[in-house]
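Undergrad: Counting the sequence shown from 1 gives a position; our numbering is that position plus 116. Ideal placement from N, C-alpha and C gives every residue a C-beta, glycine not left out. The structure presented is a predicted model; accordingly, all values stated were derived computationally and were not measured. A single structure is presented below for examination.
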Amino acid sequence: MIDVHGLFWLPPGQFWMLLLFVCVATLACAWLMFSRYRRARWIEDTPRSRIRSAAQGLVELAGRLESGGHAPLVSPLGGANCLWYRFKVEEYRSSGRNSRWRVIESGESERPFLLCDETGQCWIDPRGAEVHPARRRRWEGRQRWPLNPGGGSGVLNLLVSKRYRYSEELLLADEVLYALGWFKSRGGGREAVDERAMARRIISNWKADYTDLLARFDHNRDGQLDMQEWQQVQQAAASEASSQAREQNAAEVVHTLSRPPRRGLPFLLSDHHEDALSGRMRRHAQWSCAGFVLAGAGAVWLALALVTS
Numbered sequence: 117m118i119d120v121h122g123l124f125w126l127p128p129g130q131f132w133m134l135l136l137f138v139c140v141a142t143l144a145c146a147w148l149m150f151s152r153y154r155r156a157r158w159i160e161d162t163p164r165s166r167i168r169s170a171a172q173g174l175v176e177l178a179g180r181l182e183s184g185g186h187a188p189l190v191s192p193l194g195g196a197n198c199l200w201y202r203f204k205v206e207e208y209r210s211s212g213r214n215s216r217w218r219v220i221e222s223g224e225s226e227r228p229f230l231l232c233d234e235t236g237q238c239w240i241d242p243r244g245a246e247v248h249p250a251r252r253r254r255w256e257g258r259q260r261w262p263l264n265p266g267g268g269s270g271v272l273n274l275l276v277s278k279r280y281r282y283s284e285e286l287l288l289a290d291e292v293l294y295a296l297g298w299f300k301s302r303g304g305g306r307e308a309v310d311e312r313a314m315a316r317r318i319i320s321n322w323k324a325d326y327t328d329l330l331a332r333f334d335h336n337r338d339g340q341l342d343m344q345e346w347q348q349v350q351q352a353a354a355s356e357a358s359s360q361a362r363e364q365n366a367a368e369v370v371h372t373l374s375r376p377p378r379r380g381l382p383f384l385l386s387d388h389h390e391d392a393l394s395g396r397m398r399r400h401a402q403w404s405c406a407g408f409v410l411a412g413a414g415a416v417w418l419a420l421a422l423v424t425s
C-alpha cells in the first residue's frame, strides 16, 4: 500500500493508474491550451480577403451562404432545410448507481455549398472543417429517430420505451459565414498547361484502341504505322492538346475553400462574428490552462507521495 500524504492509502496498481490518468490529463490540457490559443491568433492575425482578389493558400473569407443550385439538405433529426448539418443521438442507460448518456448515432453532411461576397463566389468543401454554428438545438424523446413514423404512442409506450437525447447543429442559406481555410482557384488560365504532357496522354489513350488508331492513320493499309504516319499521329495529338488547353484557359474560374494540405493549419467555419469566435477560442484556452495547472499540480503531488512514502 502507498501512503498518499497521510490522507489515504492506495494499492500500488490503483496508485499508478491514478498517476497515469493525471499525467495524461495534464498533457491533454496542455495540447488543448496551445491549440485553442493558436486558433485564436490565426483568426485575429489573418487579414480578410475578397473572393475575386484572394491569394492562393490560407485565407480568411466572409460572405452570405447559398446552395449553389442544389436542393436544400434536410436535417435527419429535425427535418429542417439547411446547407450543412451535424447531429448526434444519445441513449440514456442506467445500471445500478451508474447512469449516463451514450452516443449511438452521429454524423454530419459533406456536400459543398457556396459562400458569396460582392466580388464573387467560392465553393466551401466542409469535409474536415472545425464548424462552430450558432444554430443549435437539443431535445429528448422516446424514439431512436425522432422523425420515425413507426414510433409508438400512448402511456404504455412512454413507460417501457427508452429515453433518447437529440442534438442538431445547422448552417442555413442566407446566413453570414466566417471561413478560414485553404483557397484555390481553377480555370481562367490560372494554371499552367503542359501541352506536351497532354499530347502524350492523348496518344496513350489512342494506342489503347490500336485498331481505331490504324483505321485513322494507316493510309497504306499495311497493318502498321510507318514514320510518316506516326508523325501525323503526333501532329494530330498536338493539335488536340492545343484545343483542350484553349478550352481550359477559357473556362470560368472556380474558387474553392477546403482543408489545408498541411497539418497544423486551421480550417474553421462559423456563423458567429469572428470576434466572438476568437473570444470563444481564448476562453477555451484559459479553461484548458486552468486544467493544465490543476492536473499538473495533482501529478506532482502524487509523485511526491511516492517519493516520501
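Is the number of C-beta pairs between the region 145–163 and the region 393–403 that are closer than 8 angstroms three or more?
TA: Verdict: yes, contact present.
Undergrad: Taking the C-alpha atoms as reference points, what is the distance between residue 178 and residue 331?
TA: The count along the sequence shown starts at 1 and reaches residue 178 at position 62. The count along the sequence shown starts at 1 and reaches residue 331 at position 215. Whole-angstrom Cα-Cα distance: 56 angstroms.
Undergrad: Can you tell me the Cα-Cα spacing of residue 328 and residue 322, whole angstroms?
TA: As a first step, residue 328 must be located in the sequence shown, where it is residue number 212. As a first step, residue 322 must be located in the sequence shown, where it is residue number 206. Near 8 angstroms, if we compare the C-alpha coordinates of residue 322 and residue 328.
Undergrad: Which residues in the same chain as residue 256 place their Cβ atom closer than 8 angstroms to its Cβ, once the five residues preceding and following it in sequence are excluded?
TA: Indexing the sequence shown from 1 puts residue 256 at position 140. Once the five neighbours on either side are set aside, the close Cβ partners of residue 256 are 279, 280, 281, 282.
Undergrad: In chain order, which beta strand (DSSP E) runs of at least 3 residues are fully inside the region 145–200?
TA: Here the runs fully enclosed are 173–182.
Undergrad: Cutting at 6 angstroms between CB atoms, please list the residues of its own chain near residue 193, excluding the five before and the five after it.
TA: By 1-based counting over the sequence shown, the position of residue 193 is 77. Cβ within range, chain order: 203, 262, 282, 284.
Undergrad: Given residue 414, which residues of its chain have a CB within under 7 angstroms of its CB, disregarding the five upstream and five downstream residues?
TA: For the purposes of this step, residue 414 is identified with residue 298 of the sequence shown, where counting begins at 1. The residues are 138.
Undergrad: Do residue 385 and residue 242 count as a contact pair if the criterion is CB distance below 9 angstroms?
TA: Counted from its first residue, the sequence shown places residue 242 at position 126. Counted from its first residue, the sequence shown places residue 385 at position 269. Yes; because the gap between Cβ atoms is below 9 angstroms, this pair is in contact.
Undergrad: I'd like the span of the alpha helix (DSSP H) that includes residue 408, first residue to last.
TA: Position 292 of the sequence shown holds residue 408. 390–424 is the span of the alpha helix (DSSP H), which, as asked, contains residue 408.
Undergrad: CA-CA distance, residue 423 and residue 122?
TA: On the sequence shown, residue 423 is found 307 positions in, with the first residue counted as 1. On the sequence shown, residue 122 is found 6 positions in, with the first residue counted as 1. The alpha-carbon atoms of residue 423 and residue 122 are separated by roughly 13 angstroms.
Undergrad: Could you check what DSSP says for residue 383 in three-state terms: helix, strand or coil?
TA: Reading the sequence shown from its first residue, position 267 is the one you call residue 383. Coil at residue 383, not helix or strand.
Undergrad: Name the residue from 199, 175, 377 whose alpha carbon lies nearest to the alpha carbon of residue 371.
TA: Mapped onto the sequence shown, residue 371 falls at position 255. If we check each option's Cα against that of residue 371, 175 comes out closest.
Undergrad: Identify the continuous beta strand (DSSP E) that holds residue 295 and give its terminal residues.
TA: Here residue 295 refers to the residue found at position 179 when the sequence shown is read from its first residue. Run containing residue 295: 292–302, per the beta strand (DSSP E) assignment.
Undergrad: With a threshold of 8 angstroms on Cβ separation, who are the neighbours of residue 428 within its own chain once the five nearest residues in sequence on each side are excluded?
TA: Any answer about residue 428 is impossible in this case: the structure gives the chain only from 117 up to 425.
Undergrad: Can you tell which of 200, 318, 191 has the C-alpha that lies nearest to the C-alpha of residue 226?
TA: Indexing the sequence shown from 1 puts residue 226 at position 110. Residue 226 has its Cα closest to that of 200, out of 200, 318, 191.
Undergrad: On a Cα-Cα basis, can you pick out the residue from 359, 198, 215, 233 that is closest to residue 289?
TA: Numbered from 1 along the sequence shown, position 173 holds the residue referred to as residue 289. Residue 198 is the option with its Cα nearest to residue 289.
Undergrad: For residue 224, which residues from the same chain have a beta carbon less than 8 angstroms from its beta carbon, with the 5 sequence-adjacent residues on both sides left out?
TA: On the sequence shown, residue 224 is found 108 positions in, with the first residue counted as 1. Excluding positions up to five away in sequence, the list reads 200, 201, 202, 203, 242, 247.
Undergrad: If we count Cβ pairs, one from each stretch, closer than 8 angstroms, do we get three or more for the region 338–354 versus the region 311–318?
TA: Taking 8 angstroms as the limit for Cβ pairs, the verdict is that the region 311–318 does touch the region 338–354.
Undergrad: Please name the residue or residues paired with residue 351 in a DSSP beta bridge.
TA: The sequence position of residue 351 within the sequence shown is 235, counting from 1. None; residue 351 has no bridge partner.
Undergrad: Is DSSP giving residue 140 helix, strand or coil here?
TA: Taking the first residue of the sequence shown as position 1, residue 140 is located at position 24. Looking at residue 140 - three-state DSSP - the assignment turns out to be helix.
Undergrad: Would you identify the three-state DSSP class for residue 131, choosing helix, strand or coil?
TA: For the purposes of this step, residue 131 is taken as residue 15 along the sequence shown, with counting starting at 1. Helix.
Undergrad: Determine the direct distance from the alpha carbon of residue 230 to that of residue 376, and round the result to whole angstroms.
TA: Stepping through the sequence shown from its first residue, residue 376 is reached at position 260. Stepping through the sequence shown from its first residue, residue 230 is reached at position 114. Their Cα atoms are separated by approximately 18 angstroms.
Undergrad: Tell me the residue span of the alpha helix (DSSP H) that contains residue 336.
TA: Along the sequence shown, one-based indexing puts residue 336 at 220. Taken as a continuous stretch (DSSP letters only), residue 336 belongs to no alpha helix (DSSP H), as it is neither H nor E.
Undergrad: Which of the three DSSP states, helix, strand or coil, is assigned to residue 235?
TA: Taking the first residue of the sequence shown as 1, we reach residue 235 at position 119. Coil, per DSSP.
Undergrad: With DSSP as the reference, label residue 329 as helix, strand or coil.
TA: Translated into the one-based positions of the sequence shown, residue 329 becomes position 213. Helix, per DSSP.
Undergrad: Helix, strand or coil, according to DSSP, for residue 278 in the structure here?
TA: Within the sequence shown, numbered from 1, the residue matching residue 278 stands at position 162. Here residue 278 sits in coil by DSSP.
Undergrad: To the nearest angstrom, report how far apart residue 405 and residue 252 are at their CA atoms.
TA: The count along the sequence shown starts at 1 and reaches residue 405 at position 289. The count along the sequence shown starts at 1 and reaches residue 252 at position 136. Cα to Cα, the separation comes out at about 27 angstroms.
Undergrad: Measure the Cβ-Cβ separation of residue 411 and residue 245 and say whether it is below 9 angstroms.
TA: Residue mapping note: residue 411 aligns to position 295 of the sequence shown, counting from 1. Residue mapping note: residue 245 aligns to position 129 of the sequence shown, counting from 1. No. Outside cutoff.
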